[in-house]
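Those letters in the sequence shown? Residues 0 to 281, per numbering that gives the first Met the number 0, in order.
Here's the structure, in structure tokens; my notes come after.
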Amino acid sequence: MAKIIDGKLISAQIKDEVKEAAAKLKEQGREVTLAVIQVGNDPASSVYVGNKKKACEYVGFRSLSYELAEETTEQELLDLIAELNDRADVDGILVQLPIPKHMDEDKVIAAISPDKDVDGFHAVSVGHLWIGKEGFVSCTPAGIIELLKRSGIEMSGKECVVVGRSNIVGKPMAALMLRENSTVTVCHSRTTDLKEVTKRADILIVAIGKPQFITADYVKPGATVIDVGIHRLEGKKLCGDVAYAEVEPIAGAITPVPGGVGPMTIAMLMKNCLEAALRKQQ
Ligand code: GUN
0 MAKIIDGKLI
10 SAQIKDEVKE
20 AAAKLKEQGR
30 EVTLAVIQVG
40 NDPASSVYVG
50 NKKKACEYVG
60 FRSLSYELAE
70 ETTEQELLDL
80 IAELNDRADV
90 DGILVQLPIP
100 KHMDEDKVIA
110 AISPDKDVDG
120 FHAVSVGHLW
130 IGKEGFVSCT
140 PAGIIELLKR
150 SGIEMSGKEC
160 VVVGRSNIVG
170 KPMAALMLRE
180 NSTVTVCHSR
190 TTDLKEVTKR
200 ADILIVAIGK
210 PQFITADYVK
220 PGATVIDVGI
230 HRLEGKKLCG
240 DVAYAEVEPI
250 AGAITPVPGG
260 VGPMTIAMLM
270 KNCLEAALRK
280 QQ
């Protein structure tokens, strides 16, 4: 029986810590402010943005909401970002992805000031992560580090295998595990004999976007298994990239879906916003 890593509980603890710190800042007359920009009305993005605003409310941040029409030009979006970069009362800026196809995502991300890049997507933030300098870290991988630390899972000297190489999860995850002194392997769709590699992992982090792909034969008995995926199966049940029912009995520790990695992303976004506000004070 694996230890179940409770992301709901740990994310609630983090949000409460942020709430306490935000209240202290408020006493000094500083209200932490996150600007959230959504372009178009993709239903999934609307849900994510709504949850981010709710989290801001919970921790006592001010959120500024910019809901731009699908037809907004790239220049109009860049102008808004420039205005928010200049505003002293704005601590963090988040542009919900994906943005419409007529806009260049890289250009939009690059326009956000690295000091306000609470998503950690800017090349400066990514570069700082890899060279060990202070900067914002992408929220999902940062949340996974918190899950591991707060669950007492040793990372130093351990074999960590990350499955997936996206800019938002896989790559920053690898950098973070390296920073925690793990030996890190990154696998992807072209990896030959994936199973042979994942079976070496003491800590297996899966972010491939394929429902229940990782079955028990991919996992070393006793390994910690972190599941980043979330999918809705026919019949509406949610599942991850890991076949939980068969992997849980052999894992040492595992994150459930839902209630594992998912809730950590927004908690870490709140933590990054607080950090942005605190840094400004220095
Ligand atoms: N779209 C899906 N996940 C994210 C995220 O973490 N940040 C932003 N800005 N957009 C997303």
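Yeah, the Cβ is synthetic: ideal placement off N, Cα and C, and Gly gets one too.
Remember, it's a predicted structure, so these values are computed and weren't measured experimentally.
Using 9 Å as the threshold, is the C-beta distance between residue i and residue j below it?
{"i": "D90", "j": "K279", "result": "yes"}
{"i": "M315", "j": "A141", "result": "Residue 315 cannot be examined here, being either before or after the span of the chain that is shown, 0 to 281."}
{"i": "L67", "j": "E75", "result": "yes"}
{"i": "A222", "j": "D240", "result": "no"}
{"i": "C238", "j": "V218", "result": "no"}
{"i": "M172", "j": "A206", "result": "yes"}
{"i": "A250", "j": "I152", "result": "no"}
{"i": "M263", "j": "I3", "result": "no"}
{"i": "C159", "j": "T191", "result": "no"}
{"i": "C138", "j": "G163", "result": "no"}
{"i": "S62", "j": "A81", "result": "no"}
{"i": "V260", "j": "I225", "result": "yes"}
{"i": "A109", "j": "H121", "result": "yes"}
{"i": "S150", "j": "N180", "result": "no"}
{"i": "L79", "j": "Y65", "result": "yes"}
{"i": "N40", "j": "E70", "result": "no"}
Please report the residue range of the alpha helix (DSSP H) in which residue i lies.
{"i": "Y47", "result": "42-58"}
{"i": "G126", "result": "122-130"}
{"i": "G261", "result": "261-280"}
{"i": "L282", "result": "Within the shown structure, residues of the chain are numbered from 0 to 281, placing residue 282 beyond reach of any answer."}
Could you give the DSSP three-state label for residue i: helix, strand or coil?
{"i": "L146", "result": "helix"}
{"i": "G221", "result": "coil"}
{"i": "I111", "result": "coil"}
{"i": "V241", "result": "strand"}
{"i": "A215", "result": "helix"}
{"i": "D105", "result": "helix"}
With a threshold of 8 Å, establish whether the CB of residue i neighbours any heavy atom of the ligand FAD.
{"i": "D240", "result": "Only the ligand GUN can be found as ligands here, which leaves the ligand FAD out of the picture."}
If residue i and residue j are in contact, beta carbons under 8 Å, what's the gap, nearest whole angstrom?
{"i": "I9", "j": "E145", "result": "6 Å"}
{"i": "L273", "j": "V17", "result": "5 Å"}
{"i": "Y131", "j": "V123", "result": "Checking the displayed sequence, the identity of residue 131 turns out to be Gly instead of Tyr. 14 Å between Cβ atoms; not a contact."}
{"i": "F60", "j": "V38", "result": "Contact flag wrong, Cβ pair sits at about 22 Å."}
{"i": "P210", "j": "G228", "result": "7 Å"}
{"i": "I204", "j": "N50", "result": "Actually they are not in contact, since the Cβ atoms of I204 and N50 sit about 23 Å apart, beyond 8 Å."}
{"i": "A215", "j": "E195", "result": "Contact flag wrong, Cβ pair sits at about 15 Å."}
What first and last residue would you give for the beta strand (DSSP E) that runs through residue i?
{"i": "Q95", "result": "Per DSSP, Q95 belongs to no beta strand (DSSP E) and is neither H nor E."}
{"i": "I36", "result": "32-38"}
Problem set entry | Secondary structure, alpha helix (DSSP H): runs of 4+ residues fully inside the region 136-206 | Qualifying alpha helix (DSSP H) stretches, in chain order: 138-149, 169-178, 193-197.
Problem set entry | Those runs of the beta strand (DSSP E) which lie wholly inside the region 61-91 and span at least 3 residues | Listed in chain order, the complete beta strand (DSSP E) runs (minimum 3 residues) inside the region 61-91 are 61-67.
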